[in-house]
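Below: the structure, in structure tokens.
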Amino acid sequence: MVRPPRSLLLALALLPLSAAADRPLSVVAPWEITGADPSTAGYVYARMRVAETLVDTDADGQPAPGLAGSWQPGDDGLTWRFALRDDVTFHDGSPLTAQAAATSLQHAQAKPGMLDSAPIAAIEAEGDEVVIRLDSPFAPLPALLAHSSTLVLAPGAFDDEGRVTKVIGTGPYRVKSVAPPQRLEVERFDDYWGEAPAIDSASYLAVGRGETRALMAESGDADVVFTLEPASRARLARDDRLTLHAEPLPRTIVLKVNAEHPLLEDERARQALSLAIDRGGIAAGLLRNPEAAAAELFPASLGPWHLGLDAGEAQDLERARELLAELGWQANGSGVLERNGEPFELTLRTFSDRPELPLVATALQDQWREIGVALEVAVGNASEIPSGHRDGSLELGLMARNYGLVPDPLGTLLDDFGTDPEAMGGDWGAMGWRDDDLASWLDTLRQEADSAARGELAGRVAHRLNEAMPVVPVAWYQQTAAVDAELEGFSIDPLERSYRIDELRWGE
Amino acid sequence: MSVALASRATPRWTAGLGGLLLQRLFQAGLVAWMVGTLTFVLTRSLPGDMAYRIAAGRYGHDMVNTSAAEAVRTELALDQPALGAYFGWLWDLVQFDLGRSLVSGEPVMAELWHQLGHSLGLAAMAVLLSLLLGPPLGLIAGLKPNGWLDRVSEVAASVLRALPPFAVGLLLILIFSVSLGWLPAAGHGRGAHGVLPALTLALALAAISSRVARNAMADVSQSAYYAFSRTKGLNERLSFLRHGLRNAAVPVVAYLGVQFVYLIEGVMVVETLFAWPGIGHALVHAIVARDVPMIQGTALVMGLMFVALNTVVDLLCHWLDPRRRI
Amino acid sequence: MTTLTLHATRRWLPALSPRQGLGAVLLALLLAFAWLVPWLFDADPARQQMTRILQLPSLAEPLGTDHLGRSLLARLAAAVQLSFGMALLSVASAAIPGVILGVMAGWRGGWLDRVLGSLADACLALPGLLLVLLLVAIAPGNFWALYVGISLVLWIEYFRVVRARTRILVASPQLEASRLLGFGPLALFRRHLWPELAPQVLTLAAFGAASAILAMAALGFVSVGLRPPTAELGLMMIELLPYYHEAPWAMAQPILVLFVLVLSLNLLAGRDPR
Amino acid sequence: MSVYLLQAEDLSIQGEGVTIAPFSCALEAGGRLTLLGETGSGKSLIAQAIMGSLPRGLVARGRLLIDGERFAAADGRSRRALWGRRLALLPQEPWHALDPTMRAVAQVAESHRHVAGRDRRAAHRAAWADLTELGLATAGSKLPGELSGGMAQRVAFAAASAGGAPIVIADEPTKGLDAPRRDAVVELLARTPERGGALVTITHDIDVARRLGGEVVILRQGRVVERGPARQVLTHPQSEYGQRLLEAEPGRWPRPAPLGERQAAVVSARGLAKARGGRELFRDLSLAVSPGEIVGVVGPSGCGKSTLGDMLLGMTPADNGDIHRAVDHRFGFQKLYQDPPAAFSPHWRLSRLLDDLVRRHRLDRAAIGPLMARLGLDDHLLARRPGEISGGELQRFAILRVLLLEPCFLFADEPTSRLDPITQRQTLELLVELARERRCGVMLVSHDPALIERICDRRIALGDGRLREVEPELDPALA
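Top to bottom, those sequences are chains A, B, C and D. Counted from 1, the first sequence has number 241 at position 182 by the working numbering; the numbering is strictly sequential. Counted from 1, the second sequence has number 105 at position 60 by the working numbering; the numbering is strictly sequential. Counted from 1, the third sequence has number 69 at position 4 by the working numbering; the numbering is strictly sequential. Counted from 1, the fourth sequence has number 480 at position 397 by the working numbering; the numbering is strictly sequential.
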């Protein structure tokens, strides 16, 4: 593969820096590469800056121009026009045209992904613009186009059945080699439209165990390690060869409650369960991060959606016992509540892809035992929660819901609660619960463009969810990273969209 | 007085080989059928909705939802009747077509080749290391039964048997990569990456093989022929090499075949701990994600690999111990 | 000489050697620890104190607390009870069929020997790990199914050892003489076969028990078969693994208990009679 | 250089439960010394003391002079350099002393190569030459497992003497061999002194001592009872023990009381035939054993003596011919074994084994006491395990065990071939008396024709495929 002469001069010019530049960067994170298709492994290629989306996000997580320079909805809100940049080339040298972007998005829409939650009628290319026609107005559309399942790939990346055979994106790095499920190697793409990255090549390694990731950071095998176990964070902080970074994430550990279940249909029962949770103990003892205690669904980083409630007040065992007594529950001999012969017994489903979930479940088990609730914890596969929602067999589900999948939480909320009062709730949202006010507020938010009005509506939605507790918040997440002290310019993307490795450089 | 070379009463080591290989071939066929059927029946009776599980495997736990599950169900036609699917699979098996993985869409054989290659490399290095560590220590301990070395190696074997592989692995990482920095902690790529995982496996295997070697050597060193080899004039070294080693090697090599049972379990843990792209690690994900063709393919290949390894062990025993050829 | 030899073993097992005596004492101490602790300390293995996690062993908490502030003493005792029970089940479900089939194959020989032999070879080729993973998936959270699954592969070791020994003994004059004297198969097994097989079978049992518990730990390591809040030796090792740097003594306890178990069963098995 | 090849001065051995009184001897070139005594008399310990290979826990004292070089008996290690070169030991039971996984010729060649120092090809040729000379040309490339006792003995001898050691010590060279092979081994051993070497032989067989000649030393419980030239010691022994030892030779046993008239046979067979491994053992053999009668079967090893006995007991099927047994007695057909410890489970005390028998057949315990007294077994033996009592006592215990079931037929398969002469005589006399008293038919198998001739009522000789009814008055020359 002969390198074009222009980049040869460029390489010569950077010769003195090349010694530092060509030291490879090794990135380690827990998530495996399941394939080449953006719908299944798009997040790795986005984070390693191999492929990009039409819409990008700025420092505080709001939508910003990406491959699309600018966009605006039509006056009826049904047709959106995205004007593409004209100086972008794919890794295989072909230019980024509106037609290429449209075909890539059409492939993405055919597969399960973020575009399913928008009422998209058609995606076409007109001149140098991508035109998306909707069946009904949908304000957060640009936010959806920032999701990694909508990465724009070159036509050459797809085979005739629409399967992605080779990831040909537009990012600052190009795929050098990929060995699923663990290893991806990328190298600098010289004809990148944006600012050329300082580091020449980088590698991504998926390491499942937290202990191993921490040890790789300590032994210098990995330059950047993401998602550190709470236990090893304290140790790494003391290591002077590493700098530790932590950013709150819009991901919350929540309890999905089946509001049709005879024991849980009354709001007071749900409130009682929430009041019995020692959120401070879980955050400090298990997650080793006291601020992670979540009295409400949305963290501070989500602006208007955040109510600012104090986690300490959210715990009140006496109030919880009173509420349950009001509902007619008395303690039987073995300390478990009973009502006309039926014990207060529930099964909670969780999964171990995120190692802290079974721990939090065990903590809840003991804390609810204090108020007489017998909880059976079943650690299984993540898919058991949506399948339990569908066949109604789910009673309680402990999960980590990401309200920042796209820059605007509305996208996720529409999925989780819905706007049609008759069919509210979603796989990862409410179950068997309805609230006409909430449905109408969400519906107006869908069309409302003015930010002040959206802010006021967001506050009302947050308050109602906090009272009705269809989904009980427990703790917020933090993205942590241990970085080699010699690296400069590292920062954490609060929406976990990119590792920002193109902004890194080796210090002198 | 010319010495006519007497007719070979004890045939060269290749005698009786045909029968042994035929028997192993038959066993391979039996294993292939048993493994296939058993995994088929077991995977069919797994609880939980397969479509959801495969969707979770593909799209990650954030994105799995009912629409994804339905898409997977239609795509893979999961509602096929059981018997039809079984014979279909059997027919494919006969043509050595293991089908495609439901999660990654790659042909199973390609995935297995990549992962099996790594696991086999790791297992081979582990067995080699264990043979360097275990039997020599066991043989020396066996020369002087109930000596201090014998007691120490027995307690050490019990310790290594009680230590879980991940504890041993962590200890090795702490020593060799964090504090000494000689070896990379995890991952794969260069040869050096495989040393620590292989050593972790080797220690567990060496614990057992050293005790087997010790017992074998204890028998040999107290036998009449060992004493006679000394009294007829051979020095200690020659007696050990010509008579001690070979007779003690037979049970040790025979035990190798059984050791692979422990190896597979150890490989699963070590591959997860050291992020090694092997078959144990892939098998766990395949079962969790209900990737049936992958499960069947892995089980089949592991079974046949096992039969192959046992055949090699049998050949080695056949060569080492002439008594088997009569 | 230990005074703990049970009468039942007197009739079945020849007297214990000093080495076996030490093993029996160690085992008895471990079992006493497991069954006396809940009786002496009324600590509940599942009670958590979020404010007092990973405390060093102190007078109040003789073995310290784990990552959820639970008393390690109570959990370890409960774990030993549960794990011993299941290791015993796993070893028995491997040893009993293994020994019976081994004796039958060794004694009868001929076609039965060949059939059982090829069955054993085929079972050995089954990846044991896969069976256990599938069994765990079929009966999630059910420890008993898991332990029996583990023994599906282990029975072959007993089978092979017993068959080899039985073949030699059946051809020896001692059995022929006893048969002429009118002793039935059971008496022959009890007087001639079992004392010869016992040391080897018990050694395999010792390693079998350890490998059953370690298999549980291996499965827990890849987060399969977890069932909070039950305390099980193998799973305790996994729960305390992330805190190996912060509280190494916590993770060391289940491993130490397993080591004492392996060593005592090993000593109890006695020296090989050869 | 003194004329003696081997000299021992006040050689004594101490250790747990073993004391050997000081013993001296001197062997010049061509000299022969035979240590004669029963098991436990310490004769093999003296040989091991000379070699320097005493087991741990036993200490030798005194001095040794080998080829003019002086050694302290206690320091065994110093004599290791002489092994194979100056001192050769022919071990007991040579079929165990050969490496089971190495061919016979290789085990001889390695002595030539590593002890005698020849190069590989020369050693190989020398080994084949030795084997051919010993008549083992065909057995050279066989494994020890495929060799007979006699062949193994000769291979061991070739391996031991390949180093050219002038002094050869043979430890029980004839144990377990039948008469013809025993004579061949004696002749083989005699070569060393004839070629100017020295031979020390350890045996319990008086006949072997007589044939070897030279000096004979009789040992009992570690003390020398009598010593002198073979002709004088083995014909007119002075010591009382020497005489008892001589009396133990079958030729001098008193004849048992005559049988009297024969009653109905307990077991009879007609037209028996059996072949093994393609070779026919015997054809159309008929015999009958009546109560109290002792029928002797003699023949070379491997001629099917044991197979015939097993057929009469019904444990081995006959190729053709039929066997008729006294039907009324289910457990009446018993067997005595050649190696007593092998017939017992080594893990249990004898008292427990007896209890099992009594409980199994609901016998009355009163019968045991007198029978034990009759067999010369005292009660404290019951508290021991089979491995912890002597071979003679264990064989008598086996007789006790069998007689408790009042058998009508007993097949004794070389019951005393591993016992010492005196115990052998004592055991067989007891067996014959009890068989007569209890009207129990006995078939006695032995490879010692003299023994069979002396105590059996009728004799059967197997061997060349035909049954020969031998005349009652067997010619002693054949002994």
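Backbone N, C-alpha and C define an ideal beta-carbon position, used for all residues, glycine too.
Per DSSP, reduced to three states, the secondary structure at A/MET490 is strand. The CB of D/LYS418 comes closer than 8 Å to the CB of GLU241, ALA242, LEU245 in chain C, given here in chain order. Straight-line measurement puts the Cα of A/LEU193 at about 7 Å from the Cα of A/ALA181. In the structure shown, A/THR99 adopts helical secondary structure according to DSSP, grouped into three states.
Taking 8 Å as the cut-off, the beta carbon of A/VAL542 is found no closer than this to the beta carbon of A/VAL266.
In the same chain as B/PRO190, and ignoring 5 residues on each side of it, the C-beta atoms closer than 6 Å to its own belong to ALA263, in chain order. Residues of chain B with a Cβ closer than 9 Å to the Cβ of A/PRO445 are, in chain order, TYR97, ALA100, ALA101, VAL109, ASN110, THR111, ALA113, ALA114. Nearest in C-alpha terms to D/ARG115, of all of D/GLU330, D/ILE96, D/VAL283, is D/VAL283. Taking a contact to require three or more Cβ pairs closer than 8 Å, the region 470-486 of chain A and the region 429-438 of chain A do not qualify as touching. Per DSSP, reduced to three states, the secondary structure at A/ARG559 is coil, with no helix or strand assignment. At least 8 Å separates the CB of A/ASP494 from every CB of chain B.
Counted as a single uninterrupted DSSP element, the beta strand (DSSP E) harbouring A/GLU435 occupies residues 433-439. Counting every other CB atom within 10 Å of its CB across the protein chains shown gives A/SER262 a total of 16 or more, marking it as buried. For A/ARG140, the CB contacts under 6 Å within the same chain, skipping 5 residues up- and downstream, are GLU188, VAL190 in chain order. Neighbours of C/ILE278 across chain A, judged by C-beta separation under 9 Å, do not exist; the nearest C-beta is about 19 Å away.
Within the region 153-208 of chain D, the complete alpha helix (DSSP H) segments at least 4 residues long are 177-180, 187-197, listed from N- to C-terminus. Not one beta carbon of chain B lies nearer than 8 Å to the beta carbon of D/GLY259. Within the region 251-284 of chain A, those residues whose Cβ lies closer than 9 Å to any Cβ of chain C are, in chain order, GLY267, ARG268, GLY269, GLU270, ALA273. Residues of the region 215-227 of chain B with a C-beta atom less than 8 Å from some C-beta of chain A are LEU215, ILE218, LEU219, SER222, VAL223, GLY226, listed in chain order.
Remark: C-beta atoms of D/THR390 and D/ARG359 approach each other more closely than 8 Å. Apart from sequence neighbours up to five positions away, the residues of its chain that approach A/ALA159 with a beta-carbon distance below 6 Å are PRO214, ordered along the chain. Our two residues, B/GLY214 and B/ALA171, have alpha carbons roughly 13 Å apart in a direct line. DSSP, read as helix, strand or coil, puts A/SER129 in strand. Residue range 101-111 is occupied by the beta strand (DSSP E) that includes D/CYS108. About 6 Å separates the CB atoms of C/ALA282 and C/ILE303; that is less than 8 Å, so the two are in contact. By the neighbour-count definition (other C-beta atoms within 10 Å, threshold 16), A/PRO468 is a buried residue. Residue pairing by DSSP places A/HIS448 in no beta bridge whatsoever. Distance from the Cα of D/ARG338 is smallest, within the candidate group D/THR122, D/GLY113, D/ILE129, D/ILE538, for D/ILE538. The three-state reading of DSSP puts A/ALA157 in helix, counting H, G and I together. DSSP places B/GLN304 in the helix class (H, G or I) of the three-state scheme. The distance from the Cβ of C/VAL322 to that of C/LEU141 is about 6 Å, consistent with a contact at the 8 Å cut-off.
With the criterion set as a beta carbon lying under 7 Å from some beta carbon of chain B, the members of the region 180-208 of chain D are ALA180, LEU181, ASP182, PRO183, THR184, ARG186, GLU193, SER194, HIS197, VAL198, ARG208, in sequence order. Contact note: B/THR317 reaches chain A through GLY267, ARG268, using a C-beta cutoff of 7 Å and chain order. Our two residues, D/GLY387 and D/ALA143, have alpha carbons roughly 46 Å apart in a direct line. Closer than 8 Å to the CB of B/TYR104 there is at least one CB belonging to chain A. The region 372-387 of chain A makes no contact with the region 270-284 of chain C: fewer than 3 CB pairs, one atom from each, lie closer than 8 Å.
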